[in-house]
Each structure stands twice: as structure tokens, then as C-alpha cells.
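So the structure is just underneath, and the comments pick up after that.
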Amino acid sequence: MLVLGIETSCDETGVAVVENGKALRSNVIADQQLLHARFGGVVPEVASRAHVDLLHPAVEQACAEAGVRLGDLDAIAVTIGPGLAGALLVGVAAAKSYALALDRPLIGVNHLIAHVYANVLDHGSLPAPAIVFVVSGGHTSLLVLDADGSFRMLGQTIDDAAGEAYDKVARVLGLGYPGGPAIDRLAREGDPSAVAFPRSLIDDGSYDFSLSGLKTAVLRHVRAHQGELDVPGVAASFQEAVVDVQVSKILRATAEERLDTVLLAGGVAANSRLRARLERAAAERHVRVLAPSLRLCTDNGAMVACAGTFALERGERTPLDVGADPNLRIVPGVGRRAARRPKRHQRAGARR
Ligand code: KG4
Ligand code: ZN
């Protein structure tokens, strides 16, 4: 079964062809980073317009690289949410057109669930039950993936998503956009104990996350040390504070839920410190950690095609009058309100 996956929820135009939900035949990512970099974050209208320009060439390229023609495709999978409304709509409208013109089923996919399914492309299947940590530019959610394939929410961020915090701190440190990879790189040259930043909610017994206090602490530190700032040290110390809380809550979840597998998902799952610290700590407790390869952590069409294939196999079909849902949740009714909708200050500031 050949499924075309279309991803346009934010600033990456991703199109891929995946065979049988597992084999990557092509994975085209037309990123728009240069377009948004001068604004210091994603400008929704710019993203939507860029998707319009980039999407159809990306579909052609994905098919050419996969060695297939449009008529060979068995289904069209597309991200229907969460994400930026205008950006999502471009992908959804295009996917509907392909589905209608080719007379193939349309499968609407939840972007966050697609991030989790990226693991299938690297590891062959989705182990369940497992603890799942979805950590991206717009989300930080700790969940249980039950044996029946359903998700149960343990906790999530009560303010900033992790990627959002990485992007904002990188901006304060003058590291440009997107901030996560820049902090990850620079932190390797810094001392993670250079500055004692707060670890919010680390011992509160909940599975919730909070990063706004940490973000403010970094800002205060930067203002107080103008001209003598140890930028690698601040980057490493900020990252260490984020990772400390993440690793602690993930491991507590494995113990309390009596599960021995952790699945990482989302752009921030590419963070080298999180991967290394979690793998080390988990190994001591005989817990295995699975994460997508780096190129499949951030937004891409392959994860959408993969999640779409599994939905198709479960008999799911999406009607052609489906709309985009910018606030779609992983677990219906449970989630961060208005997630990933950029606030006014974020348009000229951090990513989301
Ligand atoms: O999943 P993703 O591509 O888009 C969303 O669904 O939001 O995640 C993008 C986020 C950005 O905030 C980016 O800075 C962050 O992932 N990111 C990282 C790293 N690579 C990407 N954060 C920390 N370390 C990284 N290596
Ligand atoms: Zn994403």
C-alpha cells in the first residue's frame, strides 16, 4: 500500500510516500526557515503563502523520488490539526483535491499522533503499552499509549511548550531561529552547572510542566550580565534545567505506570542532551527508550503517511468535507487551549 503524506501545520512543507506504513520511499521537506528567520519566528500568513507555492512541486518531487505516479497511490493522508489554521488549510485543501481527482480515500491525521508514529519508520512498530513524551514547538505532553492503541494523558505544560521556550531563550541569547538546534549545539561548549536555573514542578508529584519561570530567570540573568555573559554556559544551564525535569517526570511515569518502554516524539525529541540523559537513566532501570531518527523528529510528511496508513488499516476514512482543526487534541477534551496559535508577541518573537 502506497500512501502520500502531506504536512503543512507550521513552517515545513512536508510530502512523503510511504509503503505499507513502514518503508520510506521518499520524504521531501521544503523548509521555510529563511523566510521566517528575519522575523525571529513563524509568521502565519507568510507560512500559508509559502505552502501554496511549495506544496505541488513537493508532491511531484516526492512521487518522482519514490518512483511512483500519482495514480499508483492508494490513499492520501494529511495533517488536519493541531497547527496554524491557514497553514493547515493549504494542506487539507490540496489533499482533498488529490483524493477527489484520483478517487482515493482521504485520511485526516492528528499531527501529534503522527509525531509518535514517526517511531514506526525507524523501529518497525509502535510498542504498546508505553510511556509517550510528545515534545515539540507547541506541545509538551506525557501520555500512556495503551495496548489497544489509545492514548491517556498524564500531564502537560501549563504554560510554554518546550520548543517554544528553546526558541525564546535562543532569541534572548541572540542565537537566531529556530532556537532548539542552536542551543543544543552551543550547550556542548558550556558548563551545565554554570547558572543554577529553577526546575519548576520537578518534585510536585504531578506530571505537569512549567517553563515560564525558567524563561524569565534566563532573561533576568542575561540582563544582569550584559557584556560579560557566558552564552554557552547559559545555554547549557537552561537546557540542563529543562532536561532535568523532563527526565525526572518520564522516569517517574514509567515506575508509577509499571511500564518499561518510553517513546519520544516531536521536534524537541531531537535534543541530544535529552536523548543521552534519558537513555542513560532509563538503562539503569531496565527501561528502553525509542526515539525517531533526527530527521524524522521534526515536522515531515512521512510520519503523516505512516499514521495515515495505520488509520486506514483500522478502517478509518475522512469525509471530503473535513475542515482543519487548529486545536485538535491527542486525547479528546484534554489539552492545552489554543495550542500553537501564535500570540501577537510571538509573531515578532519566538516561533509559536
Ligand atoms: O515538531 P516540530 O518540528 O514542530 C512542531 O510541531 O512544533 O518542533 C519544532 C521545535 C522548535 O521549537 C525547535 O526549536 C525544536 O523543535 N527543536 C529542538 C531541537 N531541534 C528542534 N529543540 C531542542 N533541541 C533540538 N535539537
Ligand atoms: Zn510537529
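Note that our numbering has the sequence shown beginning at -6, numbered continuously upward.
All residues carry an ideal CB built from backbone N, CA and C; glycine is no exception.
Here the structure is a predicted model, which means the values were calculated and not measured.
{"Item": "Inter-residue Cα distance where the pair is Gly301 and Val(-4)", "Value": "8 Å"}
{"Item": "Exposed unless 16 or more other CB atoms sit within 10 angstroms - verdict on Met296", "Value": "buried"}
{"Item": "Ala158 versus Lys208 - alpha carbon distance", "Value": "7 Å"}
{"Item": "Through-space distance from Leu147 to Gly326, alpha-carbon basis", "Value": "13 Å"}
{"Item": "Close Cβ partners of Val215 (< 8 Å) along its chain, the five nearest in sequence each way excluded", "Value": "Val165, Leu166, Leu222 and Val227"}
{"Item": "Selected residue, minimal CA-CA separation from Val21, among Gly172, Glu53 and Leu252", "Value": "Glu53"}
{"Item": "Val280 in three-state terms, based on DSSP", "Value": "coil"}
{"Item": "Host beta strand (DSSP E) of Leu256 (start-end)", "Value": "Thr254 to Ala258"}
{"Item": "DSSP three-state assignment for Gln239, whether helix, strand or coil", "Value": "helix"}
{"Item": "Unbroken stretches of the alpha helix (DSSP H), 4 residues or longer, contained in the region 152 to 225", "Value": "155 to 165, 172 to 180 and 205 to 217"}
{"Item": "Proximity test, Asp314 beta-carbon vs the ligand ZN heavy atom, cut-off 7 Å", "Value": "no"}
{"Item": "Between the CA atoms of Ser203 and Asp197 - distance to the nearest angstrom", "Value": "11 Å"}
{"Item": "Rounded straight-line distance, which links the Cα of Gly130 to that of Arg340", "Value": "Bear in mind that a pLDDT of 37 at Arg340, under 50, signals an unreliable position, so the number given afterwards is only what the model happens to contain. Cα to Cα, the separation comes out at about 14 Å."}
{"Item": "Neighbour-count burial assignment, Pro50, 16 or more Cβ in a 10 Å radius", "Value": "exposed"}
{"Item": "Distance cut-off 7 Å: Gly259 Cβ against heavy atoms of the ligand ZN", "Value": "yes"}
{"Item": "Backbone secondary structure at Met146 - three-state DSSP", "Value": "strand"}
{"Item": "Beta-carbon contacts of Asp177 that lie in its chain and below 6 Å, excluding the five residues immediately before and after", "Value": "Asn264 and Ser265"}
{"Item": "Beta carbon shell of the ligand ZN at less than 5 Å from a heavy atom", "Value": "Ser129 and Asp292"}
{"Item": "Secondary structure of Ser41, DSSP reduced to three states", "Value": "helix"}
{"Item": "Identity of the residues DSSP links to Ile124 by a beta bridge", "Value": "Val137 and Val255"}
{"Item": "Distance between Leu313 and Ser90 (C-alpha atoms, nearest Å)", "Value": "9 Å"}
{"Item": "Neighbourhood of Lys336 by C-beta, 6 Å cutoff - its chain only, sequence neighbours within 5 removed", "Value": "For Lys336, the pLDDT reaches just 38, beneath the cut-off of 50, and the residue's location in the model is therefore unreliable, although a value from the coordinates is still provided. Same-chain partners within the cutoff: there are none."}
{"Item": "Leu99 - partner residues in DSSP beta bridges", "Value": "Ile69"}
{"Item": "Check: His44 C-beta below 7 Å from any heavy atom of the ligand MG", "Value": "The ligand MG is absent from the structure shown, which contains only the ligand KG4 and the ligand ZN."}
{"Item": "Exposure of Arg330, with buried meaning 16 or more beta-carbon neighbours within 10 Å", "Value": "Low confidence applies to Arg330: its pLDDT is 48, below 50, so where it sits in the model is not reliable, and the reading given next is rough at best. Answer is exposed; the Cβ neighbour count stays below 16."}
{"Item": "Gln26, buried or exposed, once every other Cβ within 10 Å from all chains shown has been counted against 16", "Value": "exposed"}
{"Item": "Distance, Ala23 Cα to Leu47 Cα", "Value": "7 Å"}
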